[in-house]
Structures are given as structure tokens and as C-alpha cells.
Amino acid sequence: MASLNIEHLSKSFGKGERSKAVLHDINLSVANNEFVSIVGASGCGKSTLLSLVAGLQTFDAGSIQVDGRTIDSPGLDRGVVFQSYTLLPWKTVRQNVEFALEASGCRREEQRRIADEHLRLVGLQEAADAWPNQLSGGMKQRVAIARALSYRPRILLMDEPFGALDAMTRHQMQLLLTRIWETHRLTVLFVTHDVEEAVYLSDRIVALGTNPGHIKMVFPVNLPRPRHEDIMTSPAFTDIKQRVLQAIREDLALPALTADG
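Just so it is clear: in the sequence shown, position 224 is 224 by the numbering used here, and no numbers are missing.
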């Protein structure tokens with residue numbers, strides 16, 4: 001696994017008078033095997049930050065390093081899972097995972113073995129020959145996770161991966177991700193708008209402020225592992241959740257209503 005180091009990172013969109021700063025002077029280190037979640041109000045730059053780490057966008061200033069190596073483009077050292085499933089509809093479940101392995105130079109016979117291994121990891125071995133349109137949303141996301149893990153990235157980047165799922169499926173995916181992380185000890189950077197999800201999954205939570213996006217507060221999550229569902233009702237869990245929510249709400253403050261509305 002790997003460590004991630006972000007220093008003085010800034011990003012804006014547009015040019016000249018139309019330029020708008022989206023992120024300003026982001027400094028963040030994610031330790032080897034650490035699970036860090038990014039939260040914040042809409043428009044604070046959460047997804048942009050993840051996209052920069054993935055190498056999918058360029059930035060204006062600063063640096064991003066994985067184990068001391070500067071990165072500025074996509075690479076197999078980083079696996080990415082998006083909210084949209086991004087599966088190839090003309091390939092089966094197994095073929096979607098094998099497709100990711102082709103870029104790693106993996107031999108054909110190894111591709112099938114590794115694909116089947118990772119489909120078992122996410123509980124989809126029986127669906128290996130199914131087509132994406134035959135799968136539920138949760139199953140599609142499990143394929144996406146298996147695909148992202150199949151080429152053994154050093155860091156897993158996840159951009160609201162469970163945001164499109166219903167509450168029950170979302171909870172099942174949280175349990176699955178926790179089990180995978182605790183078993184395989186991945187370095188994870190996870191973007192979510194769900195504070196309860198962030199507390200349940202994370203070692204640390206980074207709250208971004210707005211206008212432009214900046215690191216407002218960092219919350220350690222000193223809850224025991226392995227995590228179980230009943231921890232969500234504990235006073236310690238509730239306390240962390242409330243403090244993170246308060247930090248976000250400060251950026252959502254609405255102006256007071258006047259007498260005429």
C-alpha cells in the first residue's frame with residue numbers, strides 16, 4: 001500500500017475575469033493503510049480534489065505525491081470508483097474486470113484467474129457471465145469495486161460510490177467495503193456527502209469549507225475496529241457525527257428572513 005501527500009494544492013476553472021477558484025492551498029497527508037473521508041457542503045470541491053489525485057484533471061499550483069513520487073496523470077497505482085458504475089455494457093461482468101487487467105500487462109490466463117478472485121471478494125462469482133443490464137445497482141457497484149481492486153492499486157479513490165443506491169443497499173455496500181478494507185488494508189480516499197457513512201468507515205474525516213474549497217477541520221475517528229453496526233448508536237459515534245455536521249452547517253447558514261419575507 002502507499003501514502004499520499006498533497007501540498008499547497010490549488011485549482012480554478014475558467015480564465016481571466018471568469019476564473020473561479022475551486023480549491024485553495026490544500027495540504028493533506030494520508031498514511032499507508034489509512035481510510036480518510038472527505039465531506040463538505042455542495043460545491044466545496046470534494047469531487048474535484050479526488051479527480052486531481054486520480055490525475056484526471058490538471059491543477060494550478062502545488063503537488064501530489066504517492067510514496068514520494070510526483071503524479072500528474074492517471075496511473076495503475078490509483079484505482080478509482082465513481083458514483084456512476086462506468087461498466088462496459090457489451091462485456092460480461094468477468095470481462096469488465098478483465099478489461100482493467102489488460103492495461104496492466106497481465107497475461108490472458110492470469111486475467112481470468114484474478115478477475116474470478118476479485119468477483120469472489122465482492123460476492124459476485126455466480127454472476128461472472130451476466131451482462132451489466134441484468135444487475136442491480138448494488139451489484140454493478142460491486143463489479144466496479146472488484147475491477148478497481150483487480151490490478152492491485154496502491155491507493156483506492158472513491159467518489160460518492162454509494163450515493164445512487166437505496167438505503168438498504170447502501171448499508172450493505174458499507175459493510176462490504178469495511179470488510180474488504182479491514183482484510184486487505186487499503187489506503188483509501190473516500191468522498192461522501194453522508195456524514196454517518198464517513199464516521200462509520202473512516203480513520204479520519206476531512207471537512208472542506210467553501211468559496212473556495214479549503215480544509216476547514218480534520219476529525220480523528222477513534223472508534224474501535226473492526227466496526228460493527230451497533231457502534232452507530234454509541235455516544236462516541238454520535239458525538240463525532242454531530243461535530244462534523246456542525247462544521248458543514250456553518251457553510252450552509254441561511255440569511256435571516258426579513259419582516260416582509
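Glycine included, each C-beta is placed from N, C-alpha and C at the ideal position. For clarity, every value in this text was computed on a predicted model and none was experimentally measured.
Q. Below 9 Å between beta carbons: does that hold for D159 and K46?
A. yes
Q: On the DSSP bridge assignment, give the partners of P220 in chain order.
A: BP columns for P220 point to R204.
Q: Report, in whole angstroms, the separation of the C-beta atoms of V143 and V97, which I expect to be a contact under 8 Å.
A: 7 Å
Q.
Rounded to the nearest angstrom, what separates R78 and L157 at their Cα positions?
A. 7 Å
Q. Straight-line CA distance for R243 to Q134?
A. 41 Å
**Q.** Cα-Cα separation between K140 and R170, rounded to whole angstroms
**A.** 12 Å
Q | Exposed unless 16 or more other CB atoms sit within 10 angstroms - verdict on R227 | A | buried
Q) Quick one, are the C-beta atoms of A148 and R94 less than 9 Å apart? A) no
Q: Just confirm the distance between the C-beta atoms of S29 and I205, as a whole number of angstroms; I'd bet it's less than 8 Å.
A: So it is not a contact: roughly 15 Å between Cβ atoms.
**Q.** Alpha carbon of Q57 to alpha carbon of A130, nearest angstrom
**A.** 33 Å
Q: Look up F35 in the DSSP assignment and give the residues it is bridged to.
A: V188
Q | Residues bridged to S29 (per DSSP) | A | DSSP lists N5 as partners of S29.
Q) Any idea which residues DSSP pairs S63 with across the strands? A) E7
Q: Output the distance between the C-alpha atoms of L201 and F237, rounded to the nearest integer angstrom.
A: 11 Å
Q | Cβ shell of S19 (< 6 Å), same chain only, five flanking positions each side left out | A | Apart from the 5 residues on each side of it in sequence, S19 sits with its Cβ closer than 6 Å to the Cβ of S12 in its chain, given in chain order.
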